[in-house]
Amino acid sequence: MPEGDTVFRTARRLDEALAGADATRFDLRVPQAATIDLTGQPIHGAVSRGKHLLLRVGDSTLHSHLRMDGAWFIYRPGEKWRHPAFKVRAIVGTAERDAVGVDLAEIEVVPTRDEAQLVGYLGPDPLAEDWDPAEAVRRLSADTRSIHVALLDQRNVAGFGNEYAAELLFLRGILPTRPTPEVDAAALIELGVRTIRANRDRSRRTFTGVDRPGQATWVYGRAGKPCRRCGTLIRRGEQGADPTRERITFWCPSCQR
Numbered sequence: 005m006p007e008g009d010t011v012f013r014t015a016r017r018l019d020e021a022l023a024g025a026d027a028t029r030f031d032l033r034v035p036q037a038a039t040i041d042l043t044g045q046p047i048h049g050a051v052s053r054g055k056h057l058l059l060r061v062g063d064s065t066l067h068s069h070l071r072m073d074g075a076w077f078i079y080r081p082g083e084k085w086r087h088p089a090f091k092v093r094a095i096v097g098t099a100e101r102d103a104v105g106v107d108l109a110e111i112e113v114v115p116t117r118d119e120a121q122l123v124g125y126l127g128p129d130p131l132a133e134d135w136d137p138a139e140a141v142r143r144l145s146a147d148t149r150s151i152h153v154a155l156l157d158q159r160n161v162a163g164f165g166n167e168y169a170a171e172l173l174f175l176r177g178i179l180p181t182r183p184t185p186e187v188d189a190a191a192l193i194e195l196g197v198r199t200i201r202a203n204r205d206r207s208r209r210t211f212t213g214v215d216r217p218g219q220a221t222w223v224y225g226r227a228g229k230p231c232r233r234c235g236t237l238i239r240r241g242e243q244g245a246d247p248t249r250e251r252i253t254f255w256c257p258s259c260q261r
């Protein structure tokens, strides 16, 4: 599942592959941007902001969001793609590399000076150079909803998704339904920062310290299975800011109280 660490690694790969060269191909396969062509413009680089990816070309920024299934792949020009062409939503190429965006949920091109219109609402990003822990704690602490909902709100902290919320709350022994004002927000944020920064440079995300398939999480995706700590069966539920945005939650009823 793409979360802040996944998007950070994606931005780093795009930056390493494209930055410093001129765009030799710029092809956006979505109706609202299909006529935009930045071919010939210098590619300045790519950065992540929470779950958002910003690729800066000339005086413009290509914004994309991976959502659940999106990804960017790097190929040499002419190399056969490993995915169907109908899934491709964007291609940005140079003389040596092609970046191919597949199943992207959001694609927009804006003047780079207007990036704040897309991501300015986001809270502090623990993977950004301007990370502000005090502001993140302030925003999270001011949220009166359940902690699972508050932690997923990108206006509080940018980059934590459903998997991080489930795992961090387990590690802190917090029920996902607990009101946020009852939670030690500073301790939760500190754990989240350490965890997402550790996963940032791993090829596969892990919360248990084990990166083998099926062993990387404590509770996420493990409903009905025994807790790795106490043996109690993991439970599953749904929570959200409203009925249209409910997310699946996982917790141990013994370890999280």
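In my numbering, each number is its position in the sequence shown, counted from 1, plus 4.
Using N, Cα and C, we set each Cβ at its ideal position, and we do this for glycine too.
With a 10 Å radius around its C-beta and 16 neighbouring C-beta atoms as the bar for buried, classify E7 as buried or exposed.
In the sequence shown, residue 7 corresponds to position 3, counting from 1. With 16 or more Cβ atoms within 10 Å of its Cβ, E7 is classed as buried.
- Along the chain, where does the beta strand (DSSP E) that runs through T116 open and close? The residue labelled residue 116 in the question sits at position 112 within the sequence shown. Going by DSSP, T116 is part of no beta strand (DSSP E) at all; its letter is neither H nor E.
ask   = Does the Cβ-Cβ distance between S150 and T181 come in under 8 Å?
value = Locating residue 150 in the sequence shown gives position 146, where the first residue counts as 1. Locating residue 181 in the sequence shown gives position 177, where the first residue counts as 1. The answer is yes: Cβ separation under 8 Å.
From which residue to which residue does the alpha helix (DSSP H) around H87 run?
Here residue 87 refers to the residue found at position 83 when the sequence shown is read from its first residue. Segment: none, H87 is in no alpha helix (DSSP H) and carries neither H nor E.
Sufficient close CB pairs (3 or more, under 8 Å) joining the stretch 81 to 89 to the stretch 111 to 129: With the cut-off at 8 Å, the stretch 81 to 89 and the stretch 111 to 129 do not touch.
Quick one: complete beta strand (DSSP E) runs, 3+ long, within the stretch 182 to 249? Whole beta strand (DSSP E) segments, 3+ residues: 239 to 243.
Check your understanding: Would DSSP call V96 helix, strand or coil?
Key -> Indexing the sequence shown from 1 puts residue 96 at position 92. Strand at V96.
*asked:* Which complete alpha helix (DSSP H) runs does the stretch 139 to 180 hold, if anything under 4 residues is left out?
replied: 151 to 156 and 166 to 175
Worksheet item: Taking C-beta to C-beta, are V113 and V104 nearer than 8 Å?
Response: In the sequence shown, counting from the first residue as 1, residue 113 sits at position 109. In the sequence shown, counting from the first residue as 1, residue 104 sits at position 100. Going by C-beta atoms, V113 is not nearer than 8 Å to V104.
Exercise for review: Name the residue from H69, G62, F174 and A202 whose alpha carbon lies nearest to the alpha carbon of H56.
Suggested key: The residue given as residue 56 occupies position 52 in the sequence shown. Of the residues H69, G62, F174 and A202, the one whose Cα lies closest to the Cα of H56 is H69.
Worksheet entry | Start and end residues, alpha helix (DSSP H) containing L22 | As a working note, residue 22 is residue 18 in the sequence shown. From DSSP, the alpha helix (DSSP H) with L22 extends over G8 to L22.
Report buried or exposed for S52, applying the criterion of at least 16 other Cβ atoms within 10 angstroms of its Cβ. As a working note, residue 52 is residue 48 in the sequence shown. That one is buried.
**Prompt:** On the three-pair Cβ rule with 8 Å, is the stretch 154 to 173 touching the stretch 124 to 134?
**Reply:** The stretch 154 to 173 is in contact with the stretch 124 to 134.
Figure out for me which residue from V96, R101 and T65 has the closest Cα to the Cα of R80. One-based indexing of the sequence shown puts residue 80 at position 76. Measuring from the Cα of R80, the nearest candidate turns out to be R101.
- Message: Within 10 Å of its beta-carbon, does C231 have 16 or more other beta-carbons around it, so buried, or fewer, so exposed?
- Response: Taking the sequence shown and counting its residues from 1, the one referred to as residue 231 is at position 227. Buried is the call here.
Take every Cβ of the stretch 37 to 54, pair it with every Cβ of the stretch 12 to 25, and state whether three or more of those distances are shorter than 8 Å. yes
*Backbone CA spacing between G213 and I111 [nearest angstrom]*: In the sequence shown, counting from the first residue as 1, residue 213 sits at position 209. In the sequence shown, counting from the first residue as 1, residue 111 sits at position 107. One C-alpha to the other measures close to 35 Å.
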